[in-house]
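As you go down the protein sequences, you meet chains A and B in turn.
With positions in the first sequence counted from 1, the corresponding number in the working numbering is that position plus 128.
With positions in the second sequence counted from 1, the corresponding number in the working numbering is that position plus 128.
Beta carbons: idealized from backbone N, C-alpha and C, even for Gly.
First the structure, in the form of structure tokens, and then the observations on it.
There are 2 protein chains.
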Amino acid sequence: MTVKTECVFIKKARKQDVREKQTRVQRMCADSSGSASWQQANMPRLKSGGVPTLADVARASGVGIATVSRVVNGGVNVSPETLKKVQRAVRRLGYLPNHAARILKGGRTKTIGLLIPSIADSFFSSCAGTAGEVAQAHDSLLLFAESNNDPALELSNLAVLMQHRPDGLLLVPSSASNRALRLFVQQSPVPIVTLDRPFPGCAAVLTNSFEAAREATLHLVGHGRKRILCLAAEPSLYTIRERLRGYSDAMLAAGLPSLIDTSLAIGAHNAETLIQGHLGSRTPPDAIFTLKNSATTAAYQALQRLKLNIPREIALIGFDDFELAGMLRPALTVVQQPIEDVGRRAAELLFAQLGSDDGSTPPASLRRTRLVLPNRLLLRSSCGCRHSARGPEE
Amino acid sequence: MTVKTECVFIKKARKQDVREKQTRVQRMCADSSGSASWQQANMPRLKSGGVPTLADVARASGVGIATVSRVVNGGVNVSPETLKKVQRAVRRLGYLPNHAARILKGGRTKTIGLLIPSIADSFFSSCAGTAGEVAQAHDSLLLFAESNNDPALELSNLAVLMQHRPDGLLLVPSSASNRALRLFVQQSPVPIVTLDRPFPGCAAVLTNSFEAAREATLHLVGHGRKRILCLAAEPSLYTIRERLRGYSDAMLAAGLPSLIDTSLAIGAHNAETLIQGHLGSRTPPDAIFTLKNSATTAAYQALQRLKLNIPREIALIGFDDFELAGMLRPALTVVQQPIEDVGRRAAELLFAQLGSDDGSTPPASLRRTRLVLPNRLLLRSSCGCRHSARGPEE
DNA sequence: CTGTTAGCGCATTCAT
DNA sequence: ATGAATGCGCTAACAG
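Structure below.
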């Protein structure tokens, strides 16, 4: 017994040591009188050392631990007096329930994992924003991780994410053919909703890239453009592929030859050389359709430098709107994605699958839902349209 | 005993029920032969029902629970054979350590709380991005919450955040005079680093708003501008106040009258009316200095609509660079903030305070560190400078 | 090298 | 209305 006492003491001492850095109040007990009451002297030492716990509040308010728990969880079956008393202690000690302990009891963790290529990308940060709103409405927090579109990183970060036992997952899969990810999805213990790109076995919230690209291309065709250059980077991405498909489909339908260049890399300089190359060919393009925001700005920039008149000499349509697209000279015609809706709807779909806290089982059909949000061709000037500069959205 | 058995059964059944949605494999035990071995029939049911645990892996690989733990944590003091055996079981079951349980043992949670006004704001999402990189380097995850610059929301979301016991906090305080937040900071069990705005008692990573605003204003003065209108929204924010101070200081030094309008709200339309008002006055401005990104674009837009020539009729300098600032006609001169550094340095500072996992106590001086990163006046054309269109950064 | 065990803080049951 | 006791999954301190 003495041995055990000794052990306990050592343990407490260590813990004390560890928490010292984090602790504001250090109720000393070095002066505890003798060893007769080591337990009494010890108890408060340990308990008050770190972050306050239920037990601390219980002791401070002179009630049982269960009572405090009841108070914290809504205060049912607690007499008004004790309620007050405990609440005061809670405030005084700055008690906050330890989420980890709650999780361990098996309930929801009230967190949603969000795995996206990059939070610095405005597309994804917008999604994250609206998804976060929805999460907040469900009293949940967002747990972020980035994949950089790198399947390996994606997987490892996914593992880290899952260790935190999120209730569900919002995912922008780097590739649909990722074997390991596929496996993970199949045996995922929590519902997964993908954004922007589909993944087999997952619910998904997408935009109709194909149709929008098709429409945009046909719009250029309608302006009499014959040689429409389609400029893109990262053709491995689902959205890019779909847009390429839409472009090709339209060109085919119009009986025009597809001009696709997916060799565009990051950086405007490359774009300029690249575009210059195309312009110098014996059959130069009379329009450019860019499939990505960075491509759009790069192309615009390059055309500016080359002193080409937009849209007279060469028309331009970009995929994805951006804040200043309407402020440029000429204002850019773009395909506008309902970005914020993507994040919001995805989060809503996820929480729908989670069900309403109680044991209600939501319809299994949700697990395969595929939501395709419509894009919109935002006509401004760069496509050749005569655009009044005073549109409502500028 | 029978009663207890009954209870246990019910409990398991409930848990089973709850986890049913999340479970892929449902090893049935409804056909378990008789009730003689209900416990045996029950054990595997529970254990294999939900997410696999250490015990599951232990059973599957025929070793003890501690051994599995050792394997998972680096595999020291484990024979090569058992190592293989356990690792196989881990993979087969798809075991992932339950983070909550680890937390409960008192260690680091490997999460950093990030409380920012809005993740959709490119400034903060960039910060978040680099902060996330740092976190990832420290094997940590970012836990996001938004405040919308609303002290009340900030506080409540802070509470939610803290329940997850992050190891530290990255905070963009909505206001330095928030009493409750002050109190929280004082007794926070974890280190806090603020970004973009200081807060008493916290380490902070800022940019030199005052000096930069002063410099920008003086630059306009140097171009011979006399009536420089300073346009801003949300003058309650620290950064805006500092920039206003810098502007005023410069104007005073130049012997010019300060023209400040902080009534700018969100939305370009308002800006136009507002600017029109100023232009119609008997002493119209010959330059505008905007203190915020949205103000800059709004002003630019308004000037475009009013057909005013920039910079001939009116010069423009904005605070905060943005992607297309160099692509506009004319290219905008702006104060460029080291946004990504802010996030990175703040995170680094936080982890420095956290110490290197072991018990090493980092210098207490870190807790009060105030890092002021230099802004840079990026001269383009809108200020009146003759700007070669082929600068390296365009 | 390996298994057994004691809590971490909490919600929950059961007994009062 | 209240308190004591249990166990969630895990790590760390032991005993073999």
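> Which residue or residues does DSSP assign as beta-bridge partners of ARG498(A)?
Replying inline: ALA332(A), per the DSSP bridge assignment.
> So who's on the other strand from VAL300(A), going by DSSP bridges?
Replying inline: DSSP, once it has assigned bridges, lists no residue as partnering VAL300(A).
> What residues in the segment 290-310 of chain A bring their beta carbon closer than 7 Å to a beta carbon of chain B?
Replying inline: Listed by position, the residues of the segment 290-310 of chain A near chain B (Cβ gap below 7 Å) are MET290, GLN291, HIS292, ARG293.
> CA-CA distance, PRO413(B) and TYR428(A)?
Replying inline: A straight-line Cα-Cα distance of about 32 Å links PRO413(B) and TYR428(A).
> At a Cβ threshold of 9 Å, is GLN315(A) touching chain B?
Replying inline: With respect to chain B, the C-beta atom of GLN315(A) has a partner C-beta closer than 9 Å.
> Straight-line CA distance for ILE442(B) to LEU359(B)?
Replying inline: Straight through space, the alpha carbons of LEU359(B) and ILE442(B) are spaced by roughly 14 Å.
> Identify the residues that DSSP records as bridge partners of GLY446(B): which are they?
Replying inline: Bridge partners of GLY446(B) according to DSSP: THR418(B), VAL462(B).
>> Here's the rule: buried if 16 or more other CB atoms are within 10 angstroms of the residue's CB, otherwise exposed. What is ALA248(B)?
In response: Buried: at least 16 other Cβ atoms inside 10 Å.
> Nearest CA to the CA of LEU182(A): which residue from ILE356(A), ASN226(A), LEU501(A)?
Replying inline: Of the residues ILE356(A), ASN226(A), LEU501(A), the one whose Cα lies closest to the Cα of LEU182(A) is ASN226(A).
>> Could you check whether LEU243(A) and ASN285(A) sit closer than 9 Å to each other, using their CB atoms as the reference points?
In response: Yes, these two residues count as a Cβ contact at 9 Å.
> For VAL462(A), which residues in chain B fall below 7 Å Cβ to Cβ?
Replying inline: For VAL462(A), no chain B residue has a C-beta closer than 7 Å to its own C-beta; the minimum C-beta separation is roughly 13 Å.
> Ends of the alpha helix (DSSP H) at CYS513(B)?
Replying inline: Under the DSSP assignment, CYS513(B) falls outside any alpha helix (DSSP H); it carries neither an H nor an E label.
> Near LEU269(A), which residues of its chain fall below 7 Å by C-beta distance, leaving aside the five closest residues on each side in sequence?
Replying inline: Cβ neighbours of LEU269(A) beyond the five flanking positions: LYS238, THR239, ALA263.
>> Measuring only the C-alpha atoms, how far is LEU357(B) from SER386(B)?
In response: When only Cα atoms are considered, LEU357(B) and SER386(B) end up about 8 Å apart.
> When you compare only the Cα positions, how much space is there between ARG371(A) and SER337(A)?
Replying inline: The alpha-carbon atoms of ARG371(A) and SER337(A) are separated by roughly 5 Å.
> Would the beta-carbon of PRO328(A) fall within 9 Å of that of ALA308(A)?
Replying inline: No; because the gap between Cβ atoms is not below 9 Å, this pair is not in contact.
> Counting along the chain, where does the beta strand (DSSP E) carrying PHE252(B) start and finish?
Replying inline: Per DSSP, PHE252(B) lies in no beta strand (DSSP E) segment; the continuous alpha helix (DSSP H) that holds it begins and ends at 250-265.
>> Against chain B, with Cβ distances strictly below 9 Å, would HIS266(A) count as a contact?
In response: Not one chain B Cβ lies under 9 Å of HIS266(A).
> GLY241(B) to LEU311(A), Cα distance in whole Å?
Replying inline: Near 31 Å, if we compare the C-alpha coordinates of LEU311(A) and GLY241(B).
>> Whole angstroms are fine: how far does the CA of LEU478(B) sit from the CA of VAL349(A)?
In response: In this structure, the straight-line span from the alpha carbon of VAL349(A) to that of LEU478(B) is close to 55 Å.
>> Against GLY260(A), what residues of chain B qualify as contacts under a CB-to-CB distance less than 7 Å, listed in chain order?
In response: The answer, in chain order, is ILE247, PHE272, GLU274.
> With a Cβ-Cβ cutoff of 9 Å, do LEU499(B) and VAL318(B) count as a contact?
Replying inline: Not a contact, by the Cβ cut-off of 9 Å.
> Just the Cα atoms here: how many angstroms apart are ARG410(A) and ASP448(A)?
Replying inline: Our two residues, ARG410(A) and ASP448(A), have alpha carbons roughly 30 Å apart in a direct line.
> What span of residues does the beta strand (DSSP E) with THR525(B) cover, start to end?
Replying inline: Outside the displayed span of chain B (129 to 522) sits residue 525(B), for which this structure offers no information.
>> Using only the alpha-carbon positions, how far apart do ARG514(B) and ARG508(B) sit?
In response: Going from the Cα of ARG514(B) to the Cα of ARG508(B) covers about 8 Å.
>> Can you tell me whether GLU274(A) is helix, strand or coil according to DSSP?
In response: The answer is strand: DSSP assigns GLU274(A) an E or B state.
> Cα separation between ARG355(B) and LEU505(B)?
Replying inline: Distance between the alpha carbons of ARG355(B) and LEU505(B): 20 Å.
> Using a beta-carbon distance below 9 Å, is SER250(A) in contact with chain B?
Replying inline: Answer yes: the Cβ-Cβ gap between SER250(A) and chain B drops below 9 Å somewhere.
> Of all the CB atoms in chain B, is at least one closer than 9 Å to the CB of HIS227(A)?
Replying inline: Using a CB distance cut-off of 9 Å, HIS227(A) counts as an interface residue toward chain B.
> When you compare only the Cα positions, how much space is there between SER160(A) and SER189(A)?
Replying inline: Residue placement at SER160(A) is flagged as unreliable, the pLDDT there being 27, under the threshold of 50; the coordinate-derived value follows with that caveat. Whole-angstrom Cα-Cα distance: 23 Å.
> Can you list, in chain order, the residues of its chain whose CB lies under 7 Å from that of GLU362(A), leaving out five sequence neighbours each side?
Replying inline: So the qualifying residues of the chain are ILE368.
>> Just verifying my parser: in three-state terms, what is the DSSP assignment at VAL321(B)?
In response: Note: VAL321(B) maps to strand in three-state DSSP.
> For the beta strand (DSSP E) that ARG504(B) lies in, which residues bound it at each end?
Replying inline: Per DSSP, the continuous beta strand (DSSP E) segment holding ARG504(B) begins and ends at 504-506.
> Is the Cβ of VAL321(B) closer than 9 Å to any Cβ of chain A?
Replying inline: No, no contact with chain A.
>> Check for me: the beta strand (DSSP E) holding ILE244(B) runs from which residue to which?
In response: Counting along the chain, the beta strand (DSSP E) containing ILE244(B) begins and ends at 239-244.
> Would you say LEU174(A) reaches chain B, if we count a Cβ-Cβ gap shorter than 9 Å as a contact?
Replying inline: Note that LEU174(A) scores 35 on pLDDT, short of 50, meaning its location in the model is unreliable; the coordinates nonetheless yield the value given after this. At a cut-off of 9 Å between beta-carbon atoms, LEU174(A) makes no contact with chain B.
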